[in-house]
Each structure stands twice: as structure tokens, then as C-alpha cells.
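*Asks:* Before anything else, here's the structure in question.
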Amino acid sequence: MATDPFRPFETNLDQDRALTLLRDATQGADDGELFLERRKSEVLSFDDGRVKTASYDASEGFGLRAVHGETAGYAHSTTIDEHALKRAVATARLAVGDGGGTMAPAPVGTNQKLYTDADPMLQATFPAKIDVLREIDAFARALDSRVVQVSATLAASHQEVLILRPEGALVTDTRPMSRLNISVIVEENGKRESGSMGGGGRAGLIGLIGRDHWEPVVREALRIALVNLDAEPAPAGVMDVVLGPGWPGILLHEAIGHGLEGDFNRKGSSAFAGLMGQQIAAKGVTVLDDGTIPDRRGSITVDDEGTPSAKNTLIEDGVLVGYMQDRQNARLMGVAPTGNGRRESYAHAPMPRMTNTYMLGGDAAPESLVADLKDGIYAVGFGGGQVDITNGKFVFSCTEAYRVKNGIVGAPVKGATLIGDGATALKQIRGIGNDMQLDPGIGNCGKAGQWVPVGVGQPSLLIGGLTIGGAAA
349 MATDPFRPFE TNLDQDRALT LLRDATQGAD DGELFLERRK SEVLSFDDGR VKTASYDASE
409 GFGLRAVHGE TAGYAHSTTI DEHALKRAVA TARLAVGDGG GTMAPAPVGT NQKLYTDADP
469 MLQATFPAKI DVLREIDAFA RALDSRVVQV SATLAASHQE VLILRPEGAL VTDTRPMSRL
529 NISVIVEENG KRESGSMGGG GRAGLIGLIG RDHWEPVVRE ALRIALVNLD AEPAPAGVMD
589 VVLGPGWPGI LLHEAIGHGL EGDFNRKGSS AFAGLMGQQI AAKGVTVLDD GTIPDRRGSI
649 TVDDEGTPSA KNTLIEDGVL VGYMQDRQNA RLMGVAPTGN GRRESYAHAP MPRMTNTYML
709 GGDAAPESLV ADLKDGIYAV GFGGGQVDIT NGKFVFSCTE AYRVKNGIVG APVKGATLIG
769 DGATALKQIR GIGNDMQLDP GIGNCGKAGQ WVPVGVGQPS LLIGGLTIGG AAA
């Protein structure tokens, strides 16, 4: 693996010439940039006692954008040279037409650096990584005779970006990422259940492949699997629900977060469009999107337009006070960019996206929230979900949940789904725990075919009147 820095303006393309071509593309436009990227990634998975996947991928290229009004011209190439850039200029200029735009102010620079530049893939040899995965497999099987299958995956990537702006500024960022996932399947009396746990962030692999890290992860995956082995069919009906802290914030991310992205609100398609300054949640509910937390999976020193990442308050004490913005939607809405312009790669145009989205903690003891449940569900783990941005309606499946009656946590339940809509759920929050946690670093977010890493978080929450989909009560 190459360790030399990504320096396309020294090896592939003259920077002054690139700037001239960029200015040609954005003459008469409102905004634009040249985004250059090199990315390397590795995935190693050990499944059912053997190496299942060992992949390495490397790519580089550029994306050129010219923005005029609500229109954006975008062209990209895997070849970084003047010829390819000239062709991209001709394509991007189609969006500018006769021009007449006024170039938006450049992003204000920053000296912040939220994570290391080091390539996580170089911190351990290939044989050493395989040995760790083999150790994980053996350890999990030795913990309990009911373990019949173990899957362990190590993933790491190293992304280097350069963003050249029409005014001549060059913004750079080097972004590491690593993650360890472990899944365990147990079997008893012909019944099989699974449990998964994992995490990571913008740091090296060393912290993930140490036994002091992965051993507790294995134990937690096994615990969840054994809980589900004893689970009863979930009831169905309208019930009060207590959500656990941390990863259950994925419901907040999907049901509320997407609806607070600038493009959906500018176009009026969000359930929260036109509600700025209004009470949209219960008192005490404060929601932030913060890309400045060091080493977190969703953090970015600068976004993919060159705007520094920020800590943005979206909902304050129940009142809608902000949206997440990229440069184009911020300009069209007459507000400042918030550092949320993100893209999957050089082959994609940026759009407003979340970073680390979480709700601040309250003052209630978590156990008191559960004690207030007369007849409901205590949900501490979530799997997949779906949401309709236009009305905020969501459906989420629980991976670990318990029946609660008269404040007593009873048997685990399986097959539980939470059904509701974000706007209503926000107003039905009746208790906020003092135990806010961020997720362990496992989130990916999809939007318009693009995937980016994100973080979520929340305290324990008591929410009234959610619909539980499951077996008949």
C-alpha cells in the first residue's frame, strides 16, 4: 500500500491551470468547486471458521461543480489531468447558461483538526488482522456451547480530499475510518437467534483489535443473542415506550433528522417546512447536529464544500431553531452554511447531510422512566427502519426489547416494530433521562443513492402512544 501523500497538483495537474479552468466553469455562476479525492479501503471478514472476504480497493478522481440558482452542473472523472478537466468544464457550464450570478462568499478557514492523518490500514499486518479475527471466533465459541456461528469483520479506510475554490483557496482534509463488527448466532432446542455489536470511528485499528476492546464486544453480542433466544412474541397495539440511550438515537436521526435538512425544507417537502421558530417538540427537547466531536464516525474537520464543520442546534427546548445546510440551499434560503454539505465520493455532488445528530440529556433517572411505564415496551436496541420525509412516518424494528407492566421489566420480546411519525413523537416525549450517550460508531446514512458515515445519540426517553407492531396481544 502506498503511503505517499495525495498531491495531484504536483503529479497530475498544474494548480494554476486548474484554477483557471475552474473559473471558466463558474464564470457567471453563484458557486462551485473542484473536489479531488483519493480513497483506499480494506475489508476483512471471518465467517463460520474461515476467511470469507479479504478485499482492498483504491480509487481517485475529481468532481467539478458549477451552481447557478437552483441548478447545478456536475461532471466527474477517474482521470485527473487537464484534458479530463477541460471536458468537465464544458459539461458543468451547461448549468450556468448566460450567467448573471454573483459568486457566494468563500468559506471561512479553520485550524481545527478532529482526527489523525494516519492510515489505519497500515497499523497492523494482514496476517495479524486475520489472527485477531480467528481469536475472536475461537473466544466466542468457547464462551457458550450454544454458539453455532460467529462472524467478525474489520473494515478500514483512508480518504484524502482537496477542494479548490474559484477565489483560489485550497482546503484539504485527510479522513481515517475503522470499524469492528461481531455477530453471534446461538441455537437451543432447534431455535436460532442472533446478536450483533460493533463500533469504531475516525481513528486507527489498534484500539479495535486489542483484546481489551474486542472481548467485551463479543460478550455483548452473545448476551443479545441469548436474550433473544428467550424472547416472547411482541404484543401489538398503542403503548408507551421507553427508548434506551445511545444507538436508539437512530430513530431520531431517521424520523426527525432528515426532515431538518435544508433541501427538503427549501422545497417544502419536509414535515417541518415553514415551522421555524415554532414549538415542534416537548419542552426540554434539545437536538443538535455536531460534526466537531473528535474521532467520532460522523465528524468532519471540513465538509465536502470546504466549510468548517460546526456544532449546530436544530431544536432548542422544543422550538425549531435551525436546519442543516450546504452552501447552495443556505444561499437560496438566505442563511449561513452550517458545514453539512457532504458527498459519498468525487463522483457525487454534495447535499445537506447529517454528521453526529443527538438529543441532549435531561434530569430524569433512567430507572424512573421505566418505573412510570404501566403497560409498554422498553426498547434498547434497533435494527433497520424506514421513514417518509414528507410526513415523518417511520417504522423501526427492535433488536432488543422488553415487556414492561406496572414499572417492572419483564420478558424480552421479539418481532417488535415501532410505528409513528417524527412530528407527533417529538411532542409525546414525557421524560428525558440524564444518561445521554453517543452510539458506538456503527452508523451509515443513505440519501438519494449516496452513503456517508454518521453518528447518533440520545438519553433514555419516555414517549407516549407509539404504535407497536408485533403479534396480537
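Residues 349 to 821 (this note's numbering) are what the sequence shown spells out, left to right. Built from N, CA and C at the ideal position, the CB exists for glycine as well.
In terms of alpha-carbon separation, which member of Arg482, Tyr404, Asp372, Asn688 lies closest to Gly445?
*Replies:* For the residues Arg482, Tyr404, Asp372, Asn688, the minimum Cα distance to Gly445 belongs to Asp372.
*Asks:* Over what stretch of residues does the beta strand (DSSP E) that includes His506 continue unbroken?
*Replies:* Segment 495-512, the beta strand (DSSP E) holding His506.
*Asks:* How big is the Cα-Cα spacing for Thr514 and Gly803?
*Replies:* For the sequence presented, residue 514 should be read as Pro rather than Thr. Each residue's alpha carbon lies about 32 Å from the other.
*Asks:* Specify, as a first and last residue, the run of the beta strand (DSSP E) that Leu541 falls within.
*Replies:* Per the sequence shown, the amino acid found at residue 541 is Glu instead of Leu. Here the beta strand (DSSP E) through Glu541 covers 539-549.
*Asks:* Look at the alpha carbon of Ile428 and the alpha carbon of Met451, and state the distance between them as a whole number of angstroms.
*Replies:* If I take the Cα positions, the gap works out to 25 Å.
*Asks:* If I measure Cβ to Cβ from Gly555 and keep anything under 7 Å in the same chain, skipping five residues before and after, which residues do I get?
*Replies:* For Gly555, where only same-chain residues beyond five positions count, the Cβ hits under 7 Å are His561.
*Asks:* Quick check on DSSP: helix, strand or coil for Arg567?
*Replies:* If DSSP states are grouped into helix, strand and coil, Arg567 belongs with the helices.
*Asks:* Quick check: the segment 667-682 against the segment 595-610, are at least 3 beta-carbon pairs closer than 8 Å?
*Replies:* The segment 595-610 vs the segment 667-682: in contact.
*Asks:* Take every Cβ of the segment 374-384, pair it with every Cβ of the segment 462-469, and state whether three or more of those distances are shorter than 8 Å.
*Replies:* Short answer: they don't touch.
*Asks:* Rounded to a whole number of angstroms, what is the C-alpha to C-alpha distance between Ala820 and Ala764?
*Replies:* Bear in mind that a pLDDT of 47 at Ala820, under 50, signals an unreliable position, so the model cannot answer this.
*Asks:* Looking at C-beta atoms only, is the number of pairs between the segment 682-696 and the segment 790-801 that lie closer than 8 Å three or more?
*Replies:* Output reads yes: the segment 790-801 touches the segment 682-696.
*Asks:* Tell me the DSSP secondary structure of Met349 in three-state form.
*Replies:* Confidence is the limiting factor: at Met349 the pLDDT is only 48, short of 50, which leaves the residue's position unreliable, though a coordinate-based value still follows. Correct three-state label for Met349: coil.
*Asks:* How should Arg559 be labelled, buried or exposed, when 16 other C-beta atoms within 10 angstroms of its C-beta is the threshold for buried?
*Replies:* Looking at its Cβ environment, which holds fewer than 16 other Cβ atoms inside 10 Å, Arg559 is exposed.
*Asks:* May I have the straight-line CA-CA distance separating Gly632 from Gly546, to the nearest angstrom?
*Replies:* Between Gly632 and Gly546, the C-alpha separation is close to 31 Å.
*Asks:* Relative to the C-alpha of Val667, which residue among Arg489, Val735, Lys775 is closest?
*Replies:* Taking only the C-alpha atoms, the option nearest Val667 is Lys775.
*Asks:* For Leu766 versus Cys793, is the C-beta spacing smaller than 9 Å?
*Replies:* Going by C-beta atoms, Leu766 is not nearer than 9 Å to Cys793.
*Asks:* Check whether the segment 499-513 touches the segment 586-599, taking contact to mean three or more Cβ pairs, one atom from each stretch, closer than 8 Å.
*Replies:* Contact fails: fewer than three Cβ-Cβ distances are below 8 Å.
*Asks:* Following the continuous alpha helix (DSSP H) through Ala420, name the residue where it begins and the one where it ends.
*Replies:* From DSSP, Ala420 is part of no alpha helix (DSSP H) but of the beta strand (DSSP E) over 419-425.
*Asks:* Taking its Cβ as the centre, do 16 or more other Cβ atoms sit within 10 Å of His416, making it buried, or is it exposed?
*Replies:* His416 comes out buried.
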